[in-house]
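Quick notes on the structure that follows.
Protein chains: 2
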Amino acid sequence: MDRPLETRELMQFLAVADELHFGRAAARLGIAQPALSRTVQKLERRLGVVLLERSSRAVALTSAGQVLAGEARRALEAVNAAARRTRRASADDPHLVLAMKAGGDAGLLPAILTACEREPCSLPVRVVFQIDRVGLLHDGQADAALLYSPADDLRGLDTEPLLTAPLMAVLPPAHPLAARASLRTADLHNENVHPRHGPATGPEPGNLTELLQLVALGHKVALVPRFVTNSLREDLACVPVTDAEPVTLLLGWPAHSTSLAVAALARAVGAARPHGGAAAAP
Amino acid sequence: MDRPLETRELMQFLAVADELHFGRAAARLGIAQPALSRTVQKLERRLGVVLLERSSRAVALTSAGQVLAGEARRALEAVNAAARRTRRASADDPHLVLAMKAGGDAGLLPAILTACEREPCSLPVRVVFQIDRVGLLHDGQADAALLYSPADDLRGLDTEPLLTAPLMAVLPPAHPLAARASLRTADLHNENVHPRHGPATGPEPGNLTELLQLVALGHKVALVPRFVTNSLREDLACVPVTDAEPVTLLLGWPAHSTSLAVAALARAVGAARPHGGAAAAP
DNA sequence: CGTGATCGATAACCTGGCGGCATGGACCGT
DNA sequence: ACGGTCCATGCCGCCAGGTTATCGATCACG
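Sequences listed follow chains A and B, in order.
Residues 37 to 318, numbered by the working numbering, are exactly what the first sequence covers, in order.
Residues 37 to 318, numbered by the working numbering, are exactly what the second sequence covers, in order.
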């Protein structure tokens, strides 16, 4: 009665936790509903814990069920990451995968890559452009990523800072705030700012070009770190936001990584850091 | 062919990876050897990766196998932690478990606990004394722990610093170095220092009292942060080690924790911090 | 150089767990 | 009252995963 939980059980429980409906969850899993009911019951007996409050009309998570839902998601992520990393480790074409947003390297990527080649134990680096870089790290599809603090969730990652820069507001030139020398967060209170916390309003840009297009149209105001604005279109105004926390660009990789090649890449980031010195801590 | 790995498969593979011997691994798992052979083969076919190099006389891990061994250990730890945390979350006696070394709180624990009671969403705290506090956090047996940087491996944890103090060498009064006003790491080169990296020499003390006994006998020299020496026995000398990195005492908890009670405890640590200000970053 | 020991792989068989279908029973809306 | 929805239960078939027996390769040894 003390043998470990199986991933199959966790997956089935998670499906129910997501749907809060055995029938739909079973359909999503491609199995019949009775099998699902019994698996969850067995899981509850095994744990000695009630995970779901069911009536014939509704299903709800107990507090223990909420805990398991979160933990199970992490655990399954770890299992899938194990499979992906193992497959990648056995590729006949050994390499590292570095995830980044297009244009999010502050122009430092070439310097990093050449520095990396010089490091011992380095491997060729393959760059993939992706929004959800943290997700790629956690599920084992990428070995390292260029991230931003405080925008990205760095928990569970090791990091090496690259550079820190203030946050800038990007505005159409005709905007009343565009002439200001500096702004405060409160000045943008009524603007359609991107990125925004909370529900999205209107179209969400998928990349920087789309975002700048929306800014030029006056539909949005963009908040980006200064190292992005260096290569900006000429027809937009940039104003620093003085009371916003500055943004740190950094290399992140999964904590507990034992890859020598990742360590080499991290050293390369340290070497490619502008001014050679240590950047401010995130 | 793309369904996730099962924990049973990972456990069996790990047993082989540990023993490098199918017979012994099978015995450890309480199953017969052929079943184990087949499970590992199936795992290899599923991943499309050779994990083990077997001859009829020896078994060795391939590099991919080494990767999977490490990843599988983490993944299984996460699965077991999920079960433990779920069981603990459903206890009819809700509480937090705080792991620490005896005497390792710098005398601040009472202040932390009273501050915690005042926080919203706090829970009663149960303290357990344990050496391997990081392990307890990772396998879900503890919710938070008092840790030391850089001694403990903080990867995968969130932390809240408590205080920072220099490292002190504890010596018997008759020791030739005991009269010095300060030491450097090199001065202790020939001493039997504790804690020591590398193989243990002689008896390893299990707690502070045992360690100090060995110091008094002249069998060891102890290196401890200054906040420990405040409550030291009178018959021992303490000398600061000037070129050693200072030690930060901090509260650590699993990254990705969503527990409001853990957050309350972290806020309490911030409130109980001496001088009220921010401690130096770890 | 034969012989026995060791150890992983294979073959043949058996069992229990898991999933399928049909149905029961609680609850709600009309 | 009745039909609809939804989770639980009973029963059945199948295969994943276990067992024992055995093979084949390799090495130590007299």
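The C-beta atom is built at its ideal place from N, Cα and C for all residues, glycine as well.
Since the model is a prediction, treat every value here as computed from it, not as a measurement.
Within chain A, the residues that residue i reaches when beta carbons sit closer than 7 Å
| i | result |
| --- | --- |
| residue 64 of chain B | Going along chain A, no residue has its Cβ under 7 Å from residue 64 of chain B, so there is no contact; the nearest lies around 14 Å. |
| residue 191 of chain B | 194, 291 and 292 |
| residue 44 of chain B | 42 |
| residue 103 of chain B | 121, 122 and 125 |
Interface flag, residue i vs chain B, CB-CB below 8 Å
| i | result |
| --- | --- |
| residue 89 of chain A | no |
| residue 296 of chain A | no |
| residue 181 of chain A | no |
| residue 136 of chain A | no |
| residue 204 of chain A | no |
Amino acids of chain B, ordered along the chain, whose beta-carbon sits closer than 7 Å to that of residue i
| i | result |
| --- | --- |
| residue 85 of chain A | 122, 123 and 126 |
| residue 114 of chain A | 110, 111 and 114 |
DSSP-derived helix/strand/coil call for residue i
| i | result |
| --- | --- |
| residue 185 of chain A | strand |
| residue 227 of chain B | coil |
| residue 298 of chain B | helix |
| residue 87 of chain A | coil |
| residue 258 of chain A | strand |
| residue 96 of chain B | strand |
| residue 213 of chain B | helix |
| residue 57 of chain A | coil |
| residue 176 of chain B | coil |
| residue 101 of chain B | helix |
| residue 73 of chain A | helix |
| residue 243 of chain B | coil |
| residue 138 of chain A | coil |
| residue 66 of chain A | coil |
| residue 110 of chain A | helix |
| residue 146 of chain A | helix |
| residue 190 of chain A | coil |
| residue 127 of chain A | coil |
| residue 303 of chain A | helix |
| residue 80 of chain B | helix |
| residue 327 of chain B | The first residue shown for chain B is 37 and the last is 318, placing residue 327 of chain B beyond what the model contains. |
Residue(s) in a DSSP beta bridge with residue i
| i | result |
| --- | --- |
| residue 288 of chain B | B/181 and B/195 |
| residue 273 of chain B | B/207 |
| residue 162 of chain B | B/133 |
| residue 40 of chain B | BP columns for residue 40 of chain B are empty, so no partner. |
| residue 200 of chain B | B/284 |
| residue 219 of chain A | A/277 |
Proximal chain A residues relative to residue i, where beta-carbon distance stays under 8 Å
| i | result |
| --- | --- |
| residue 338 of chain B | Residue 338 of chain B lies beyond the residue range present for chain B, which begins at 37 and ends at 318; the question has no answer from this structure. |
| residue 106 of chain B | 292 and 294 |
| residue 99 of chain B | 125 and 126 |
is_contact[residue i, chain A] using C-beta, thresh 8 Å
| i | result |
| --- | --- |
| residue 110 of chain B | yes |
Cross-chain neighbours of residue i in chain B, by beta carbon under 8 Å
| i | result |
| --- | --- |
| residue 173 of chain A | Those do not exist, as residue 173 of chain A stays about 13 Å from chain B at its closest Cβ, beyond 8 Å. |
| residue 117 of chain A | 107 and 111 |
8 Å contact criterion, which residue i and residue j should meet: CB distance rounded
| i | j | result |
| --- | --- | --- |
| residue 201 of chain B | residue 207 of chain B | In fact, because the Cβ distance is near 18 Å, the residues do not count as touching under 8 Å. |
| residue 178 of chain B | residue 115 of chain A | Actually they are not in contact, since the Cβ atoms of residue 178 of chain B and residue 115 of chain A sit about 23 Å apart, beyond 8 Å. |
| residue 164 of chain B | residue 135 of chain B | 5 Å |
| residue 170 of chain A | residue 187 of chain A | Actually they are not in contact, since the Cβ atoms of residue 170 of chain A and residue 187 of chain A sit about 10 Å apart, beyond 8 Å. |
| residue 302 of chain A | residue 158 of chain A | Their Cβ separation, rounded to whole angstroms, is 11 Å, which puts residue 302 of chain A and residue 158 of chain A out of contact at 8 Å. |
| residue 284 of chain B | residue 184 of chain B | 7 Å |
| residue 173 of chain A | residue 193 of chain A | 6 Å |
| residue 255 of chain B | residue 228 of chain B | 6 Å |
| residue 198 of chain A | residue 305 of chain A | 6 Å |
Cβ-heavy atom distance, residue i to the ligand FMN, below 7 Å
| i | result |
| --- | --- |
| residue 281 of chain A | You won't find the ligand FMN in this model; it holds no ligand whatsoever. |
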